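> Numbering (this note's numbering), first residue to last: 175 to 358.
We put the beta carbon where it would ideally sit given N, CA and C, even for glycine.
Note that the structure is a prediction, hence the values are computed from the model and not measured.
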Ligand code: 5GP
Ligand code: MG
Ligand code: MG
């Protein structure tokens, strides 16, 4: 899909498919090095991380385990509150495992910081984070992100797994929406 296929929905393209892909190559190479000789469990956070999980995992040169979690964060309006509910838990037992959480985006970081402590309480050997996108506010929360794709401005973005009302997740690039899309 090309940005032009979206007509007037898109305000601008923030990251092209090529930019996402070349950064994924680098992230995968680093992960391969860091986890050489270790059994790695990738934990994808539904639904947004589906694209990153698929593209990142296929770039790794060692077989990994994959599991998924779905969480919902309660909050007023568009900001998350840090109060998180598990909608779908992992199937895997984390005892003694090396866990890498795979995320689409970190905004306030509240959801992720809750998730990290939750997973750490299950007795894993390690818990690290890989995220494709990170917004400036994420820096305010004490979560140590091992692998970051791109730092982006504080704007609402869609595509590459990220939605607006469940739409636009399938865009192969990351873009911002034109105001008429969300104000009407
Ligand atoms: P946090 O707890 O870090 O504020 O929330 C992260 C979650 O909020 C992400 O997993 C994503 O679902 C959603 N989110 C945060 N920023 C954006 C954005 O710019 N666009 C979209 N589509 N979702 C976002
Ligand atoms: Mg997410
Ligand atoms: Mg969403």
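(1) Between residue 323 and residue 197, is the Cβ-Cβ spacing less than 8 angstroms?
(2) Quick one: is the Cβ of residue 265 within less than 7 angstroms of any heavy atom of ligand 3?
(3) Flag this pair as touching only if the region 189-208 and the region 225-239 have three or more C-beta atom pairs under 8 angstroms; answer yes or no.
(4) Mapping the DSSP letters down to three states, classify residue 277 as helix, strand or coil.
(5) Flag residue 337 as yes when its Cβ comes closer than 7 angstroms to any non-hydrogen atom of ligand 4, and as no otherwise.
(6) Relative to the C-alpha of residue 277, which residue among 312, 299, 271 and 184 is closest?
(7) Tell me whether residue 196 counts as near ligand 1, meaning its Cβ is closer than 7 angstroms to at least one heavy atom of that ligand.
(8) Report all residues from its chain with a CB closer than 8 angstroms to the CB of residue 287; omit the five preceding and five following residues, and keep chain order.
(9) Please specify which runs of the beta strand (DSSP E), each continuous and at least 3 residues long, are wholly inside the region 287-358, giving them in chain order.
(10) Should the region 328-342 be called in touch with the region 288-305, which here means at least 3 C-beta pairs below 8 angstroms?
(11) Within the present structure, is the beta-carbon of residue 222 separated from the nearest heavy atom of ligand 3 by less than 7 angstroms?
Taking the definition as stated:
(1) yes
(2) no
(3) yes
(4) strand
(5) Ligands present in the displayed structure are limited to ligand 1, ligand 2 and ligand 3, and ligand 4 is not among them.
(6) 312
(7) no
(8) 256, 315, 316 and 317
(9) 300-308, 321-325 and 348-351
(10) no
(11) yes
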